[in-house]
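This report concerns only the one structure given below.
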Amino acid sequence: MSYSFTVNGVLRTTEEDKPLLRYLRDDLKLFSVKDGCSEGACGTCTIVVDGKAVKSCVLTTKKAVGKTILTVEGLPEHEQEAFVYAFGKVGAVQCGFCIPGMVMAGKALIDRNPNPTEADIKKAIRGNICRCTGYKKIIEGIALTAAILRGDEKIDPELEKGDIYGVGDRAFRTDVRGKVLGTGAYCDDVEMEGMVHGSAIRSQYPRARVLDIDASAALAMPGVLAVLTAEDVPNNKVGHIQQDWDVFIAKGDITRSVGDAICLVVAEDEKTLEKAKKAVKISYEPLEPVRTIQEAMAEDAPKLHPNGNLCQQRHVTRGDAKTALANSKYVVTQSYKTPFTEHAFLEPECAVAFPYKDGVKVYTSDQGVYDTRHEISIMLGWEQDRIVVENKFVGGGFGGKEDVSVQHLAVLAALKVQKPVKVKLTRQESIRFHPKRHYMEGTFTLGCDENGIFTGLDCEIYFDTGAYASLCGPVLERACTHSVGPYCYQNTDIRGFGYYTNNPPAGAFRGFGVCQSEFALESNINLLAEKVGISPWEIRYRNAIEPGKVLPNGQIADCSTALKETLLAVKDVYEANADHAGIACAMKNAGVGVGLPDKGRAKLVVRDGIVELYSAASDIGQGCATVFLQILSQTTGLPRLLLRNMGANSEVAPDSGTTSGSRQTLITGEAVRMAAADLRKDMDEVGGDLAKLEGKEYFAEFFDPTDKLGADVPNPKSHVAYGFATHVVILDDEGRAKEVYAAHDSGKVVNPTSIQGQIEGGVLMGLGYALTEDFPLKDCVPQAKYGTLGLMRADQIPDIHAIYVEKEELLPFAYGAKGIGEIATIPTAPAVQGAYYARDHILRTSLPMENTYYSKKK
Ligand code: FES
């Protein structure tokens, strides 16, 4: 039997009946067609079939017989150029993994309706998830493409060339073309001579003893190259900070979650791999899992790790909270619960490793190539520089790609079989494996005087960190240190505990613990305002931190602090809608801080008349690669055409830390500025003639020391900088989020288009956290699939107004930029809570909130 159809104008015939997605990618190498879930849920593989947008993973070669199929590669050039320009101009591209699918959904729409309305576009892309942008700019991008194709708008080729590339300019991102057209490579798009495939067999049970692993039948199959177990790993532990995570659960050992790998099968092709995985026989003795924090705390609980079930704890205290609260005019005590949340980045984890020089090289999708190198070196017991790690495009991370996931497995396999090996997680594996946002239970007591001035805070925070520590320590610490909010008061006593259970691990997720604790604090603030008899806006304004005042952690707020400006920016709109609007503030550190050696590094090389920038800072979609070039252009005065960002590669680029803690714009950005300033000085000496500097190198390291947590100084400096924000959420008559006003102080805005995109995407993530997203577990086993996570779709979005306030007074680093990555997600959920409270006076203390328009629609 053979199946024929036309793809991008060429008649194709295949004998195989398989998902069209696989045929387009594996046989025709059309890599614009992305594999985000293979379950028909995400839309990254959208193509046009006979004029209609279709998910290619649900269509098969058999069902495609006689059809006319179009992918981004087959679009006429003028249409490709229209999409590239429009998406770049409006800022529709972040991580980019959803973008070719969006383009094809847009293409099908524009062909049948050349002048679509906003509602038409929302409907056309409602089957396509974007986790980064909040959809607003994608909708604008499709509308602009349509206008260009109608002849109503023109492409300005100068915009992409980028002579306008200074700090504060709406610069065209460097990665737009590759991401829109699908020509830029993510890890799954990497093809290498002789490349083979690896995949892990994972535990059937959250907690079970592995009695036996019999791989003999699999190993006897033709095309099967190896089955690796714990015996093949020099040091069978990985972990971002604490090495408590078994690479493989060894025979005789006990599993800790359903994401645990028992062994890794390596085969010549994916079909053989799947068959071989089924042939491996693993026998278990199932054991009762530890499901909850309470079960983990029980005296007779099984010890999940050698040191017991308490993974991390923190005690953050200043002044005398007990006395302050006892003497307060008003006090509110309330308990809150927030759920595990799945990052749901569109690109599942993937890595390709191969023998290289006297060691190994690995292409990765991660948030820090040096972190990955470090974890692999511990596992192998090798010197770090024998391992080279290079980022390909990263299809979203949001904290979920800080830990190694597949990189170390690909490395082990590549070393074993001495060939390039690709290891990629299925969507369900990804959901089971990578660390989530921590589940929290917390009780918060906040007091104030008769004027609503805060007097003290006492709180106890419990985190479920699941099977492994991941980043439990620092995430719990930020939850504690930021539970005080961006206000000016002293007297705090905050106790945080993170417990191991047999649930999937929890770790870093945009907001880094602060989403949980600020939801609780900000909700308590509304209750206090009610007692005092002032508005939720007023109580925040009265307590808001200002330059020169002391934060509850003792740090003196710096000159750039503009929380009050963000409150003023939304005052009128809040007050005009006060009976159905909620308001919340937040602060978030930029930079890792707390005494850690948080260094930014950059190297510039003048080569062939171009300035090459080397800095291993992962751009996970937020756009730091472009921001660095803007800082470089601003400082040197050179146009974009003469600048090139060489990407994150541990062999050639200096370590510039993890993409975490909203740190890259400030910390690495300042290192880039410093190196660029040196180059500029030399350029001035040679009359601006770059050719005269051919071969010269400029290196800079930026480090602004901070004090460690609990430092015995009167005003410890915990962080280099803080961003501040106020969000207002307005509900409509039915209780839908209709509008969100998100006012941000992120210091100097390097790229206004990018910061709006970060705010819009962050707000939508916060709305999902508040209203629709959940991660149900049954006896420690995740019940969600990608399609049931509750991710918001394009036709559900409110009108998000991204506002940024810029002060005259700025910090002396990176032109005064402070970072935006995380804070945009933090105040939204408590603002939603406040809006519902204003409307019906019911305090919703858990997320996703119950008894809302959205919960009723489920
Ligand atoms: Fe849409 Fe990242 S840009 S998922």
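Each number in my numbering comes from the position in the sequence shown (counting from 1) with 86 added on. Heads up, the beta-carbon is just placed ideally off N, CA and C, and yes, glycines get one too.
For Cys-566 against Ile-580, the beta-carbon gap comes to about 5 Å, under 8 Å, which counts as contact.
A distance criterion of 7 Å places the beta-carbon of Thr-745 beyond contact range of the ligand FES, judged by its closest non-hydrogen atom.
Rounded to the nearest whole angstrom, the CA to CA distance from Ser-569 to Tyr-855 is 18 Å. Counting only runs that start and end inside the segment 347-425, the alpha helix (DSSP H) elements of at least 4 residues fall at 356-365, 379-383 and 407-412. Bounds of the beta strand (DSSP E) holding Asp-550 are 540-552. With a threshold of 16 other beta carbon atoms within 10 Å, Asn-321 falls short and is exposed. A distance below 8 Å separates the beta carbons of Ala-312 and Lys-502.
According to the DSSP assignment, His-494 belongs to no beta strand (DSSP E) but to the alpha helix (DSSP H) extending over 493-503. Arg-198 counts as exposed, since fewer than 16 other C-beta atoms from the protein chains shown sit within 10 angstroms of its C-beta. Rounded to the nearest whole angstrom, the CA to CA distance from Glu-102 to Tyr-89 is 8 Å. The DSSP assignment places 282-288 as complete runs of the beta strand (DSSP E) inside the segment 238-295, in order along the chain (cut-off: 3 residues).
By the Cβ test, the segment 834-851 is not in contact with the segment 672-687, since fewer than three Cβ pairs between them sit closer than 8 Å. Note on geometry: alpha-carbon atoms of Met-278 and Asn-477 lie some 16 Å from one another. Cβ-Cβ separation between Glu-632 and Ala-643: approximately 6 Å, consistent with a contact (criterion under 8 Å).
Annotation note: the segment 136-201 contains the following uninterrupted alpha helix (DSSP H) runs of length 4 or greater, listed N- to C-terminal: 163-176 and 185-198.
When the alpha-carbon of Val-151 is set against those of Ile-133, Val-93 and Lys-508, the nearest one is in Val-93. The beta carbons of Gln-453 and Gly-483 sit closer together than 8 Å. A Cβ-Cβ separation of about 37 Å leaves Gly-733 out of contact with Ala-917 under the 8 Å criterion. Around the beta carbon of Ser-369, a 10 Å sphere encloses fewer than 16 other beta carbons of the protein chains shown; the residue is thus reported as exposed. Straight-line spacing of the CA atoms in Leu-654 and Ile-696 works out to 45 Å.
Relative to the ligand FES, Gly-707 has its C-beta within less than 7 Å of a heavy atom. In this structure, the CA atom of Ala-384 is about 35 Å from the CA atom of Thr-541. For Gln-842, the shortest C-beta to heavy atom distance toward the ligand FES is 7 Å or greater.
Remark: fewer than three beta-carbon pairs, one from each stretch, lie closer than 8 Å, so the segment 611-618 and the segment 397-412 are not flagged as touching.
Here the alpha carbon of Lys-361 sits roughly 34 Å from the alpha carbon of His-460. Put simply, of Thr-427, Leu-195 and Lys-767 the residue whose alpha carbon is nearest the alpha carbon of Asp-136 is Leu-195. With a cut-off of 8 Å on Cβ pairs, the segment 364-382 is in contact with the segment 291-306, counting three or more such pairs. Taking a 10 Å sphere around the C-beta of Thr-219, we find 16 or more other C-beta atoms and assign the residue as buried. Burial is judged here by how many other beta carbons sit within 10 angstroms of a residue's own beta carbon; Met-87 has fewer than 16 and is exposed. A straight-line Cα-Cα distance of about 28 Å links Cys-273 and Gly-677.
Under the rule that a run must span 4 or more residues, the alpha helix (DSSP H) segments found entirely inside the segment 859-938 read 914-926.
Counting other Cβ atoms within 10 Å of its Cβ, Lys-635 stays below 16 and is therefore classed as exposed. The three-state secondary structure of Phe-484, taken from DSSP, is coil.
Within the same chain, and ignoring the five residues on either side of Ile-816 in sequence, the residues whose Cβ sits closer than 6 Å to its Cβ are Asn-663, Ala-667, Lys-824 and Glu-825. Shortest Cα-Cα distance from Arg-523 to any of Ser-491, Ser-603, Gln-708 and Asp-535 involves Ser-603. Under the 10 Å beta carbon count, Thr-721 is surrounded by 16 or more other beta carbons and is classified as buried.
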